[in-house]
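S.K.: In terms of my numbering, the sequence shown opens at residue 46 and continues consecutively. Glycine included, C-beta positions come from ideal geometry on N, C-alpha and C. Following this message is one structure expressed as structure tokens.
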Amino acid sequence: MRFSVLDLALINRHETAAESFAGSVRLARAAEERGYERVWYAEHHGMRSIASSATSVLIAHVASATSTIRVGAGGIMLPNHSPLVIAEQFGTLGTLYPDRIDLGLGRAPGGDQRIFRALRRDPRASDRFPDDVRELQAYLAGDSIVEGVQSYPHTPVPLYILGSSTYGAQVAAAFGLPYSFASHFAPDALEAALAIYRERFQPSEQLERPYAIVAANVIVAPTTEEAAEIQHDVLRSRVRHFIPGVARADDAQIDEILASPHAAPVLRMASKTAAGTGEEARAWLDDFAAQTGADELIVAFQGRTTDERVRSLELLPTD
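Listed below in structure tokens is the structure:
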């Protein structure tokens, strides 16, 4: 089983963005030392707690601080950009760091409608996602399908399609590309999406057979009890983030919400979580991989601090 890292580039309480970036470097270096396949960053906008908004810049920073691990986007939200601009960014990254850059592509806007307007993008851009993927793919291959326009520098950076529904699975299958499902926060369509992807897959130059990457949250601590405590605090943070009007509630009030039906969507979002000692978390991940038939697991290490996330990675057996 191949293991990879999805770094959410969190800015914890009482932490600066600069400290978050330093934490991302620490996590990537620790993953590299332990033989992880790749580390990915996702494009988010307008979120004070996430530092990966300028995704390609963060990728360059981490790639420069590591030497062998693959570094990439998981993903770039293509409706926010022209394919030409992304081809130029990732063609540059692929030239600077040969055979180390991945480009995962998503169809979601990475923010709400106000963000979309601030990005000067047309909300209908999501409807053009398959055409934009094809245009981007051609630019990176140096074989533009737009007359008179080429992307420089170009290099064949591998593409991945991301998804949290069956739509992305259909696109990935039609293009013959690897598919990564965001089950770390949207697990409901996981089985259906993987089935569609495998049933409809068409071989391509990049990929001969389906390749599925499945995401999970991971919390590892020296004891089961400490892992459960961290998991509870992470759930509190999610309640504050996703349930309106409770951001300033104290822990006792948040615990009341967690015990009520109001927290059901938050608990469902976090249902694909391996929490416990290293051996317990690894056993959960092995079962999850067997259930899904995943070719690769990409894990989002959760914790209250960067130190806890790095410790989780260090305590999780991957051999």
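If you run the structure through DSSP and keep just helix, strand and coil, what is Asn5?
M.R.: Since the first residue shown for the chain is 46 and the last is 364, residue 5 is missing from the structure and cannot be characterised.
S.K.: Looking only at its own chain, which residues have a Cβ that is under 8 Å from the Cβ of Phe333, when we skip the five neighbours before and after it?
M.R.: The residue given as residue 333 occupies position 288 in the sequence shown. Taken in chain order, the residues that qualify are Val259, Ala261, Lys317, Ala319, Ala339, Leu342.
S.K.: In terms of residue numbering, what span does the beta strand (DSSP E) encompassing Gly321 cover?
M.R.: By 1-based counting over the sequence shown, the position of residue 321 is 276. Note, Gly321: beta strand (DSSP E), 318-321.
S.K.: Can you grab the Cα-Cα spacing for the pair Pro255 / Phe220, in whole Å?
M.R.: Here residue 255 refers to the residue found at position 210 of the sequence shown. Here residue 220 refers to the residue found at position 175 of the sequence shown. Taking the straight line from one Cα to the other gives about 11 Å.
S.K.: Would you call the stretch 56-71 in contact with the stretch 345-361, where contact means no fewer than 3 C-beta pairs closer than 8 Å?
M.R.: Yes, the stretch 56-71 touches the stretch 345-361.
S.K.: Suppose contacts are defined by Cβ-Cβ distances below 9 Å. Is Thr363 in contact with Phe48 by that definition?
M.R.: Numbered from 1 along the sequence shown, position 318 holds the residue referred to as residue 363. Numbered from 1 along the sequence shown, position 3 holds the residue referred to as residue 48. The answer is yes: Cβ separation under 9 Å.
S.K.: Does Tyr205 come out as helix, strand or coil in the three-state DSSP assignment?
M.R.: Mapped onto the sequence shown, residue 205 falls at position 160. Strand.
S.K.: Suppose only complete runs of 4+ residues qualify. What are the alpha helix (DSSP H) ranges in the stretch 92-143, listed by chain order?
M.R.: Runs found: 100-110, 128-141.
S.K.: Return the first residue and the last residue of the alpha helix (DSSP H) that Ile302 is part of.
M.R.: Taking the first residue of the sequence shown as position 1, residue 302 is located at position 257. Looking at the DSSP string, the run of the alpha helix (DSSP H) that includes Ile302 is 296-303.
S.K.: Quick one: residues in its chain with C-beta nearer than 8 Å to the C-beta of Ala227, no 5 flanking neighbours on either side, listed in chain order?
M.R.: Walking along the sequence shown from the start, residue 227 turns up at place 182. Cβ within range, chain order: Leu207, Gly208, Ser209, Ala260.
S.K.: Can you round the beta-carbon distance between Val202 and Gly139 to whole angstroms, since I take them to be within the 8 Å contact cut?
M.R.: Here residue 202 refers to the residue found at position 157 of the sequence shown. Here residue 139 refers to the residue found at position 94 of the sequence shown. That pair is a contact at about 4 Å.
S.K.: Judging by CA-CA distance, which residue of Ala234, Ala238, Val216, Val265 is the nearest neighbour of Gln247?
M.R.: Reading the sequence shown from its first residue, position 202 is the one you call residue 247. With distances taken between Cα atoms, Gln247 lies closest to Val216.
S.K.: Please tell me whether Arg313 and Asp188 are closer than 9 Å, where the distance is taken between their beta carbons.
M.R.: To locate residue 313, count along the sequence shown from 1; it is residue 268. To locate residue 188, count along the sequence shown from 1; it is residue 143. The answer is no: Cβ separation not under 9 Å.
S.K.: Tyr212 and Arg152 look like a contact to me (Cβ under 8 Å); what is the Cβ gap, rounded to whole Å?
M.R.: For the purposes of this step, residue 212 is taken as residue 167 along the sequence shown, with counting starting at 1. For the purposes of this step, residue 152 is taken as residue 107 along the sequence shown, with counting starting at 1. At roughly 7 Å, the Cβ-Cβ gap stays under 8 Å, so Tyr212 and Arg152 are in contact.
S.K.: Does the separation of the CB atoms of Leu55 and Leu123 fall below 9 Å?
M.R.: The count along the sequence shown starts at 1 and reaches residue 55 at position 10. The count along the sequence shown starts at 1 and reaches residue 123 at position 78. Cβ distance not < 9 Å, so Leu55 and Leu123 don't count as in contact.
S.K.: Nearest-angstrom Cα distance between Gln158 and Pro168?
M.R.: Counted from its first residue, the sequence shown places residue 158 at position 113. Counted from its first residue, the sequence shown places residue 168 at position 123. Cα-Cα distance, rounded: 8 Å.
S.K.: In whole angstroms, what separates the C-alpha of Asp147 from that of Val191?
M.R.: In the sequence shown, the residue the question calls residue 147 occupies position 102. In the sequence shown, the residue the question calls residue 191 occupies position 146. Taking the straight line joining both Cα atoms gives about 23 Å.
S.K.: So is His286 buried or exposed if we call it buried at 16+ other beta carbons inside 10 Å?
M.R.: Taking the first residue of the sequence shown as 1, we reach residue 286 at position 241. So His286 ends up on the exposed side.
S.K.: Quick check on the DSSP output: what are the complete beta strand (DSSP E) runs of length 3 or more inside the stretch 208-266, in order along the chain?
M.R.: Taking only runs of at least 3 residues, the beta strand (DSSP E) segments lying wholly in the stretch 208-266 are 224-226, 257-265.
S.K.: Going by C-alpha to C-alpha distance, which of Ile121, Tyr142, Arg245, Leu204 sits closest to Ser171?
M.R.: As a first step, residue 171 is located in the sequence shown; it is residue number 126 there, counting from the start. Closest by alpha carbon: Ile121.
S.K.: Can you give me the Cβ contacts of Ala308 inside the same chain, cut-off strictly under 7 Å, excluding the 5 residues immediately before and after it?
M.R.: Here residue 308 corresponds to residue number 263 of the sequence shown, with the count starting at 1. Closer than 7 Å at Cβ, skipping near neighbours: Val284, Ile302.
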